[in-house]
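Trainee: Position one of the sequence shown corresponds to residue 13 (the working numbering), numbered consecutively onward.
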Amino acid sequence: MNTLNGKAPGRKFWRTGSHSLNKEDYLDTAASVVLKIMLIVALFCPISTTMEGSRHPQYYQEFLLVNAVAVIFLLFYGIATIWQKRWNRENLVFCIKFLFVMCCYVFFYYLMMDSIQWKWQGVNCVISFGFFLLLMCGRNQEWFDRHHIIEFANRSIVISNLIGILVYLQGYASVYWYDFKFQLMLPQAFYGEKRFEWIYYHKSQYAFMLLLSLAFVLVHRKKFINRVTLALSIAVLLSGLYISHVNTAMVGGGLILVSFCVDWFIRNFKKIKLWIKVVVIPLFGAGVLGAGVMAFQKIAAERSVLTLGSRTYIWQSAIDLILKRPEGLGLRFTFKKLSLNGLGGMVNTNNGHNIFLNEILRLSIPVGVCFIIFFVLIIVYSLEKKFSFFTLGIWGALLMSMMMDYAVMNSGWTLMVFFFYTVFFLDVGAQKKEAAVSGAGGEPQDDREISEATSAEAAKAPDSPDIII
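#1: State the beta-bridge partners of Gly150 as determined by DSSP.
#2: Which first and last residues belong to the alpha helix (DSSP H) in which Leu249 is found?
#3: Mind the definition here: the segment 51-66 touches the segment 172-191 only if three or more C-beta pairs lie below 8 Å; say whether that holds.
#4: Grouping DSSP H, G and I as helix and E and B as strand, with all else coil, what is Ser66?
#5: Give me, in chain order, the residues of the same chain whose beta-carbon lies closer than 6 Å to that of Ile84; leave out the 5 immediate sequence neighbours on both sides.
#6: Would you say the segment 155-173 touches the segment 99-110, given that touching needs at least three Cβ pairs under 8 Å?
#7: Is Tyr184 near Leu174, with beta carbons less than 8 Å apart?
#8: So, are the CB atoms of Gly340 and Ser376 less than 8 Å apart?
#9: If you reduce the DSSP assignment to three classes, tell me which class Gln328 lands in.
#10: Grab the span of the alpha helix (DSSP H) containing Ser127 for me, first residue to last.
#11: Assuming Ala54 contacts Tyr89 under a Cβ cut-off of 8 Å, what Cβ separation, rounded to an integer in Å, is found between them?
#12: Pull up the distance between the alpha-carbon of Ser216 and that of Leu39, whole angstroms please.
#13: Which same chain residues end up closer than 8 Å to Ser413 when comparing Cβ atoms and leaving out the 5 residues on each side of it in sequence?
#14: Give the single residue among Val270, Phe208, Val240, Ser400 whose Cα lies nearest to the Cα of Ala298.
#15: So what does DSSP say about Gln182, is it helix, strand or coil?
#16: For Glu396, count neighbouring C-beta atoms within 10 Å of its own C-beta (all shown protein chains included) and say buried if the count is 16 or more, exposed if not.
#17: Which term fits Lys289, buried or exposed, when burial requires 16 or more other beta carbons within 10 angstroms of its beta carbon?
#18: Just list the residues that DSSP pairs Trp210 with in beta bridges.
#19: Taking the CB atoms as reference points, tell me whether Gly426 and Val78 lie closer together than 8 Å.
#20: Give the straight-line distance between the Cα atoms of Tyr122 and Gln133, rounded to the nearest whole angstrom.
#21: In whole angstroms, what is the alpha-carbon distance linking Ile268 and Phe112?
#22: Give the secondary structure of Ser60 by DSSP, where H, G and I count as helix, E and B as strand, and everything else as coil.
#23: Find the nearest neighbour of Val274 within the set Val292, Trp287, Asp37, judged by alpha-carbon distance.
#24: Tell me the DSSP secondary structure of Phe236 in three-state form.
#25: Taking the beta carbon of Cys115 as the centre, do at least 16 other beta carbons fall within 10 Å, making it buried, or is it exposed?
#26: Cα-Cα, which of Gly302, Ile331, Leu410 is closest to Gly364?
#27: Measuring CA to CA, which of Thr403, Gln70, Val435 is closest to Val187?
#28: Count the other C-beta atoms from every protein chain shown that fall within 10 angstroms of the C-beta of His214, then say buried if there are 16 or more, exposed otherwise.
#29: Ends of the beta strand (DSSP E) at Phe281?
#30: Taking Phe110 and Leu145 to be in contact with their CB atoms under 8 Å, please state how far apart those CB atoms are, rounded to whole angstroms.
#31: Can you tell me where the alpha helix (DSSP H) with Gln195 in it begins and where it stops?
#32: Quick one, which of Val248, Lys35, Ser140 has its alpha-carbon nearest Gly424's?
#33: Are the CB atoms of Leu373 and Phe345 nearer to each other than 8 Å?
#34: Have a look at the DSSP bridge pairing and note the partners of Gln133.
#35: Relative to the C-alpha of Leu438, which residue among Gly302, Arg279, Asp157 is closest?
#36: Just to confirm, is the Cβ distance from Ser168 to Leu51 under 8 Å?
Structure follows, in structure tokens:
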């Protein structure tokens with residue numbers, strides 16, 4: 013592809029033979045700017061409005077600024093994708109299945125509105141998962157590279173969490189952005205622990221986003237300028253996990269790091285020197301085992317391990333209530349307490365400590381099942397695309413958080429699916445497939461021709477370092 017005169021070397025544009033900015037370039041640029049604004053809102057100031065008079069505003073967030081920006085992005089990005097015919101046909105079957113489930117979700121949500129009595133959860137779900145669906149419909153590797161989306165996200169993640177750590181050191185527990193108001197919240201005593209929630213309204217939601225961020229940073233580690241900045245960024249995220257005081261997330265963070273190391277050992281086993289195989293790998297295994305034992309002892313000292321911190325009682329109570337009220341609780345969700353009979357019925361909680369049970373409790377069985385299917389489709393397809401110990405480790409950590417806590421609410425869905433897309437789907441086969449169709453007439457070339465064409469192009473292009481933090 014030809015480059016524009018006066019532009020930085022190595023930048024590619026979608027239309028060959030183009031020597032001036034055209035409408036497609038403007039649309040692409042506008043979409044990238046809006047996506048970066050969306051990330052800024054999600055990672056620094058997730059402003060929302062809440063249901064008037066609610067005693068639990070975090071459960072009833074209505075207008076979400078991040079979703080409003082996401083809708084604008086979808087308009088620019090959707091028009092650009094249609095105009096340029098930049099469809100990812102490889103994901104066609106998945107996208108059809110996903111769209112069908114979205115239609116079922118909307119149908120059942122409308123059908124159950126008499127009991128739900130609250131439209132905003134459905135509206136925000138459709139925007140978030142529609143955002144994910146449209147990303148899956150396009151071929152985006154070159155677009156993300158050209159506009160440095162990954163580098164921008166890496167910087168934003170690290171800066172946001174650095175600010176969060178500074179807020180924690182100043183003695184605050186969280187920052188709220190309800191109803192366009194900025195509020196610094198002091199810590200409250202829960203189970204004798206000091207929690208930190210940052211901008212996510214609950215410690216488990218903050219920890220869940222840290223797990224996604226850790227996976228994102230490791231997957232896109234080559235976008236950092238060197239190993240020092242990468243290591244420092246990981247250290248910032250791990251520090252955030254520690255001060256969040258979420259045991260399941262800390263175990264999940266360890267699982268992500270261990271699975272990443274296992275994958276690295278497997279890929280590079282033949283290149284690793286003998287003394288490393290004999291000495292370092294066994295020591296690494298012993299260290300992982302020791303850390304696991306220490307984590308178990310720490311958790312056992314704070315919570316009941318056999319009942320998973322009373323989660324088994326909570327889940328049983330939630331399932332019993334679902335069977336009694338299959339139409340969902342709607343606006344009565346936080347007022348209908350779950351009595352933990354296994355603890356003598358003297359302890360109550362206002363949610364099922366599991367995002368899937370909570371969606372069924374709130375919105376009815378059919379709507380909740382559709383919500384679960386969203387995740388099943390994403391997990392299965394991601395494992396088809398990138399099956400590895402690392403992928404399994406990421407999903408193990410995320411599912412552990414989602415099934416043990418109310419780890420993500422509607423205010424975090426859009427950022428969550430952005431991470432899903434960029435961690436599991438963004439670069440799968442993109443470069444090889446683009447090279448394969450670069451021959452005359454758009455016909456695929458064999459592997460030897462692809463390799464020769466790629467080498468020739470690399471020889472012509474000037475060297476340019478990875479851009480980063």
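C-beta: ideal position from N, C-alpha, C; glycine also.
Mentor: Short version:
#1: BP columns for Gly150 point to Trp99.
#2: 239-256
#3: By the Cβ criterion, the segment 51-66 is in contact with the segment 172-191, since at least three pairs of Cβ atoms, one from each stretch, lie closer than 8 Å.
#4: coil
#5: Val46
#6: no
#7: With contacts defined by Cβ atoms closer than 8 Å, Tyr184 and Leu174 do not form a contacting pair.
#8: Yes, the Cβ-Cβ distance between Gly340 and Ser376 is below 8 Å.
#9: helix
#10: 125-128
#11: Not quite, the Cβ-Cβ distance comes to about 16 Å (not below 8 Å), so this is no contact.
#12: Put simply, the backbone Cα of Ser216 is about 37 Å away from that of Leu39.
#13: Ser216, Ala219, Phe220, Leu223, Val258, Thr260, Ala261, Gly264, Ala419.
#14: Nearest of Val270, Phe208, Val240, Ser400 to Ala298, Cα basis: Val270.
#15: Secondary structure at Gln182: coil, using DSSP grouped into helix, strand and coil.
#16: exposed
#17: exposed
#18: Here Trp210 is bridged, per DSSP, to Ser186.
#19: One detail in the question is off: residue 426 reads as Thr in this sequence, not Gly. Taking 8 Å as the Cβ cut-off, Thr426 and Val78 qualify as a contacting pair.
#20: 12 Å
#21: 32 Å
#22: If DSSP states are grouped into helix, strand and coil, Ser60 belongs with the strands.
#23: Val292
#24: coil
#25: Counting Cβ neighbours within 10 Å, Cys115 comes out exposed, since fewer than 16 surround it.
#26: Ile331
#27: Gln70
#28: buried
#29: No beta strand (DSSP E) contains Phe281, which DSSP labels as neither H nor E.
#30: 5 Å
#31: Taken as a continuous stretch (DSSP letters only), Gln195 belongs to no alpha helix (DSSP H), being part of the beta strand (DSSP E) at 195-197.
#32: Ser140
#33: yes
#34: In the DSSP output, where bridge partners are listed per residue, Gln133 has none listed.
#35: Ranking Gly302, Arg279, Asp157 by Cα distance to Leu438 puts Asp157 first.
#36: Yes, the pair counts as a contact, with Cβ atoms nearer than the cut-off.
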